[in-house]
Amino acid sequence: MIPRIFHLGAKNCVTGSCHLIETQPGSPESVNILIDCGTAYGDDPVLPFDQFPVTPESIQYLFLTHAHIDHIGRVPEFIAAGFRGEIICTHATKALLLPMLHDALSFSRDRWSRGEVQKLESRIDELSWGFELHDVYDLRKGITFTLKNAGHILGSCFIQLSFPVDSDQKYRVIFSGDLGCSDTPILPDPDKPESCDLLILESTYGNRLHPERKNRVEALRRLLEKALADKGIVYIPAFALGRTQELLYELDRINVDVPVFVDSPLGLTITDIYSSLESFWDKDSQALMARGDHPFDFKGLYAVRKFRDHEKLLNIKGPAIIIAGSGMCTGGRILDHLDQGLSDSRNDVFFVGYQAHGTLGRKIIEGKVPVRAAVHNLGGYSAHADQRMLMDWVRSMPEPPGEIRLVHGDAKAREALLGALGESVACHEERA
Ligand SMILES: [Zn+2]
């Protein structure tokens with residue numbers, strides 16, 4: 248029997264990723280597998296667990312493609328709702344899982360007590376297992392899986408699953424998870440996928456082409472030189488996981504001669520984990536390390552962990568660069584810095600990530616907040632593949648997939664990508 252696949256989250260939007268596979272729907276013999284269990288943001292829909300086609304108790308495996316909260320944020324809730332199975336991910340995702348969830352859980356104290364948080368965290372630790380990339384593993388009843396590098400953040404993977412249909416036939420499904428761009432600092436480029444019968448493909452930027460990434464370090468260097476010439480402070484709001492480490496890598500290459508402060512406890516914890524997982528880096532970063540040059544640690548880089556030190560930093564005189572979260576200025580330490588520094592015309596704010604509607608970051612860019620500091624919106628920093636990269640990735644399969652279903656994108660992005668795929672690859676239809 249061909250397994251049934253339900254898209255329970257991020258079907259028509261970008262957050263709340265969650266997909267269910269039932270090998271024998273309705274049968275107690277069915278192997279039930281969940282792919283991702285993420286938090287939805289803004290108006291994106293969330294399906295309560297009691298409305299899933301199967302109960303959390305009857306799901307035996309939860310695969311996690313990577314450690315972004317919109318892919319893992321509901322794992323604690325899922326366990327509280329009765330999930331007792333195994334959590335399968337890469338070694339690097341396993342290392343990032345608890346720090347990311349711990350931070351998220353610390354913001355939901357109204358929901359869980361300190362004791363409940365501790366219990367949930369140790370349960371997640373017991374249930375989750377890190378697996379090697381590229382190896383073929385047996386799940387049960389002839390089902391096999393392979394995790395391959397997705398190049399999106401450290402540890403991110405796409406998942407190839409194979410289900411026995413009858414004695415000599417297999418049904419192969421690939422979940423792309425979030426696919427990264429080629430040439431991302433620190434990370435190897437995404438692996439090529441094998442052939443499959445069904446591809447579940449993300450489409451976040453299915454209607455966009457990113458600007459040339461190769462020029463972005465040079466653009467950052469020139470902009471920093473200008474911004475720091477008047478001895479002001481450059482504020483960079485950045486996500487703790489991925490973007491902060493990419494920025495540090497590029498600032499290290501630029502060789503800035505002003506102090507750089509990372510004022511984000513989570514960003515620093517994640518940077519330490521990135522540092523400890525050298526085997527997941529790309530060749531360039533490994534080569535730098537082999538020559539004794541840590542690729543994202545340098546003289547003049549300061550870690551600001553304690554709140555006391557954060558308060559001291561608020562009174563610092565420029566020139567300096569301050570990286571702090573949250574990435575869209577919706578909370579976190581960046582808010583204190585912006586409060587302090589936006590009224591000074593010597594200062595600059597560099598936006599290096601997507602700023603959603605309604606966020607303070609977006610309002611600053613749109614000039615809806617009175618500021619004297621200069622505001623810059625830097626392109627080329629997306630962590631998602633654009634239309635051309637998604638198409639190249641699909642075309643790199645030895646044979647075109649039997650069927651493609653587009654998820655994780657809004658209607659415009661999915662339509663544009665579907666149109667582009669239709670032109671380039673024969674018999675690709677979305678039948679979801
Ligand atoms: Zn992601």
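Start counting at 1 in the sequence shown, then tack on 247, and there's your number in the numbering used here. By construction, the Cβ of each residue, glycine as well, lies at the ideal position given by its N, Cα and C atoms. For clarity, every value in this text was computed on a predicted model and none was experimentally measured.
Three or more beta-carbon pairs separated by less than 8 Å are not found between the region 597 to 617 and the region 384 to 404, which leaves the two stretches without contact. Per DSSP, Tyr496 lies in no beta strand (DSSP E); the unbroken alpha helix (DSSP H) holding it starts and ends at 490 to 501. Following the DSSP letters along the chain, one finds Leu255 inside the beta strand (DSSP E) bounded by residues 251 to 256.
Across the structure, Val261 and Glu333 are spaced so that their CA atoms are roughly 26 Å apart.
A heavy atom of ligand 1 is found nearer than 7 Å to the CB of Asp425. Annotated as distal: Glu276 and Arg251, with beta-carbon spacing of 8 Å or more.
Between Asp382 and Thr391, the C-beta spacing is not below 8 Å. Inter-segment contact for the region 621 to 629 and the region 450 to 463 is present: three or more beta-carbon pairs are separated by less than 8 Å. Taking 7 Å as the cut-off, one finds at least one heavy atom of ligand 1 near enough to the beta carbon of His315.
Under DSSP, Arg652 takes part in a beta bridge, and its partners are Ile447. Judged by pairs of C-beta atoms under 8 Å, the region 508 to 521 does not touch the region 631 to 651, as fewer than three such pairs exist. For Gly362, the enclosing alpha helix (DSSP H) begins and ends at 361 to 374. Contact between the region 441 to 451 and the region 554 to 565 is absent: fewer than three C-beta pairs spanning the two stretches fall below 8 Å. The residue from Leu585, Ile280, Glu363 with its alpha-carbon nearest to that of Ile483 is Leu585. Cβ-Cβ separation between Ile447 and Val503: approximately 42 Å, too far for a contact (criterion under 8 Å). In the three-state reduction of the DSSP assignment, Leu380 falls in the coil class, being assigned neither a helical nor a strand state.
Between Ser592 and the set Val618, Gln602, Lys530, the nearest pair of CA atoms involves Val618.
For Glu333, the enclosing beta strand (DSSP E) stretches over residues 333 to 337.
Exclusion of His457 from the 7 Å shell around ligand 1 follows from its C-beta lying no nearer than that to any non-hydrogen atom of the ligand. CA-to-CA, the gap between Lys530 and Pro411 works out to about 37 Å. The residue among Ala658, Met248, Gly666 with its C-alpha nearest the C-alpha of Lys417 is Met248. In the DSSP assignment, the residues bridged to Arg419 are Ser409.
If only uninterrupted beta strand (DSSP E) runs of at least 3 residues are considered, those enclosed by the region 271 to 329 are 279 to 282, 308 to 310. Arg635 counts as exposed, since fewer than 16 other beta carbons sit within 10 angstroms of its beta carbon. A residue is called buried when at least 16 other Cβ atoms come within 10 angstroms of its Cβ; Lys258 meets this threshold and is buried. Beta-bridge partners of Leu548 (DSSP): Val507. In terms of Cα proximity to Phe405, the closest of Arg387, Gly427, Ser414 is Gly427. Linking Arg500 to Ala351 through their CA atoms gives a straight-line distance of about 32 Å. Rounded to whole angstroms, the gap between the alpha carbons of Pro346 and Met644 is 35 Å. Residues of the same chain with a CB within less than 6 Å of the CB of His338, apart from the 5 flanking positions on each side, are Gly377 in chain order. For the options Lys546, Glu497, Ala342, Ala327, the alpha carbon positioned closest to that of Gln365 is the one of Ala327. His266 has its Cβ no nearer than 7 Å to any heavy atom of ligand 1.
A residue is called buried when at least 16 other Cβ atoms come within 10 angstroms of its Cβ; Ser423 meets this threshold and is buried. For Thr606, no beta strand (DSSP E) segment is defined, and its DSSP state is neither H nor E. Bounds of any alpha helix (DSSP H) do not take in Leu625, whose DSSP letter is neither H nor E. If you check the C-beta of His399 against ligand 1, you find a heavy atom less than 7 Å away.
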